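Trainee: My numbering numbers the first residue of the sequence shown as 16 and each following residue consecutively. Think of the CB as a built atom: it goes at the ideal place given N, C-alpha and C, for glycine as much as any other residue. Treat the numbers as computed from the prediction; the structure is a model and nothing was measured.
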Amino acid sequence: MHDGYSIRGQRPLAKPVKHFVDRAGGKWQRGRQPSRRSSEAFRLTVVGNGGLRSELEAQTRNHGLESAVTFAGRVPNDDLPGIYAAHDVFCYPGRWDEPFGRVFLEALATGTPTVASDVGSVGDIVGGGGRTTDGTPHGFVDTILGLVRTGKLRTVSEAATRKVEEYRAETVVPRFVALYERSLDR
């Protein structure tokens, strides 16, 4: 793979951090057919545990993808920023809205673009720091390949660090205080 495709290394790396349960997209991963439609060399690191992990590991073996997929298991929260920063893309295949969007903000804060299922407020949270998809396996593959092939990974990475600024305490707290004050004045 051409070095210019990756913003941090030789190959784009994608990483979902989650539990392997259906609401977090575990069935999506379990049912997906790994794509070999592309000549791009990708590595996937999957962080988290849950009831579907052994099934996903077996599927990875059955498709001969052991060299492309790493199952990291549970990672301490303090180690997550380093994990995010070591990857070119953070993937969220969840089928439910992440209530506070924290997982996206953590990825964005490290400059890691996010590709996520378009559920709830995900698109608003991610903004220009990533892309949303229809949540299908092909949607994820096409979206990530689009970022890689058009050379937009670096631009989206820079937008990710700008987007997270909107959610810093110094920005959000004054807005909430003003909202509460307006509500009390009514």
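(1) Going along the chain, which unbroken runs of the beta strand (DSSP E) with 3 or more residues stay wholly within the segment 123–158?
(2) Compute the Euclidean distance between the alpha carbons of W111 and V134, then round it to the nearest angstrom.
(3) Enumerate in chain order the residues of its own chain whose CB-to-CB distance from R146 is below 6 Å, with the five nearest sequence positions on each side excluded.
(4) Of all the options G88, A56, S82, which has the alpha carbon lying nearest to the alpha carbon of S69?
(5) Over the uninterrupted beta strand (DSSP E) stretch that includes R58, give me the two end residues.
(6) Any idea if S132 is buried or exposed, counting beta-carbon neighbours within 10 angstroms, 16 or more meaning buried?
(7) Confirm, please, whether the CB-CB distance from G143 to K178 is below 8 Å.
Mentor: The relevant details are as follows:
(1) Segments of the beta strand (DSSP E) lying fully in the segment 123–158: 129–132, 145–148.
(2) In the sequence shown, the residue the question calls residue 111 occupies position 96. In the sequence shown, the residue the question calls residue 134 occupies position 119. About 6 Å.
(3) Reading the sequence shown from its first residue, position 131 is the one you call residue 146. Within the same chain, R146 has close Cβ partners V130, T158.
(4) Your numbering for residue 69 matches position 54 in the sequence shown. The residue with the shortest Cα to Cα distance from S69 is G88.
(5) In the sequence shown, residue 58 corresponds to position 43, counting from 1. Its beta strand (DSSP E) spans residues 58–62.
(6) Here the question's residue 132 lines up with position 117 in the sequence shown. With 16 or more other Cβ atoms from the protein chains shown falling within 10 Å of its own Cβ, S132 counts as buried.
(7) Residue 178 sits at position 163 when you count from the first residue of the sequence shown. Residue 143 sits at position 128 when you count from the first residue of the sequence shown. The beta carbons of K178 and G143 sit closer together than 8 Å.
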